[in-house]
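Visitor: Residues in the sequence shown are numbered from 1 upward in steps of one, following full-length UniProt numbering.
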Amino acid sequence: MSSSGQNSATNPPLPPNQAPPLPPRNNPIRSRELDEFEYKAAIENRDLATMVKLNSKNYRDWQSRMIYFLKSRKIFDVCTKKQDDDPSPIVNTMQQVAMQHLAASVDDTIYNSIFADPTDLTPFKVWSLLLEN
Numbered sequence: 001m002s003s004s005g006q007n008s009a010t011n012p013p014l015p016p017n018q019a020p021p022l023p024p025r026n027n028p029i030r031s032r033e034l035d036e037f038e039y040k041a042a043i044e045n046r047d048l049a050t051m052v053k054l055n056s057k058n059y060r061d062w063q064s065r066m067i068y069f070l071k072s073r074k075i076f077d078v079c080t081k082k083q084d085d086d087p088s089p090i091v092n093t094m095q096q097v098a099m100q101h102l103a104a105s106v107d108d109t110i111y112n113s114i115f116a117d118p119t120d121l122t123p124f125k126v127w128s129l130l131l132e133n
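Next comes the structure, spelled out in structure tokens:
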């Protein structure tokens, strides 16, 4: 290695007053756009409108369809894995979106028995309650 920190076998020596090129950086604007796109995809509920709502007789069918639906929106994990009591802002948003989809995917009887008192409800608790009942 030369005194400038460059490997002279692979890189030509730099002129005395020139700094080595910076490594490529991630473009923060691109990252924000990607996050926004994923949020838009997560809140999309068009497929949910055509799905049969959960009732007392169709749990297995509803569950398999909801798994695909939630996974395609990258919010399935907040329904099946217990999250921290004080989640990050991104996880909190994921939980809110998942709760909206879960609430919209059940019939009125189930909605009233689970969602009527939203105190301390999380997607994980709702998913667990639906599995138990």
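The beta-carbon is built from N, C-alpha and C at its ideal position, and this holds for glycine as well.
Can you tell me the Cβ-Cβ gap for Ala104 and Val78, rounded? I've got them flagged as a contact below 8 Å.
Guide: Not quite, the Cβ-Cβ distance comes to about 16 Å (not below 8 Å), so this is no contact.
Visitor: Between which two residues does the alpha helix (DSSP H) holding Arg65 run?
Guide: 59–72
Visitor: Got a sec? Which residues, its chain only, sit under 7 Å from Asn58 by beta carbon, not counting five neighbours each side?
Guide: The answer, listed in chain order, is Val52.
Visitor: Taking a contact to mean a Cβ-Cβ separation below 8 Å, would you say Val126 touches Leu54 in this structure?
Guide: Going by C-beta atoms, Val126 is not nearer than 8 Å to Leu54.
Visitor: Excluding the 5 residues preceding and the 5 following Pro87 in the sequence, name in chain order all residues of the same chain whose CB lies nearer than 7 Å to its CB.
Guide: Answer for Pro87: Gln95, listed in chain order.
Visitor: Cutting at 7 Å between CB atoms, please list the residues of its own chain near Phe76, excluding the five before and the five after it.
Guide: Within the same chain, Ile67, Leu70 come within 7 Å of Phe76 by CB-CB distance, once the 5 residues on both sides are set aside.
Visitor: Looking at the strands, I want to know which residues DSSP matches up with Leu129.
Guide: In DSSP, Leu129 forms no bridge with anything.
Visitor: How would you call Ile90, buried or exposed, if buried means at least 16 neighbouring beta carbons within 10 angstroms?
Guide: exposed
Visitor: Within this structure, are the beta carbons of Lys82 and Glu38 separated by less than 8 Å?
Guide: no
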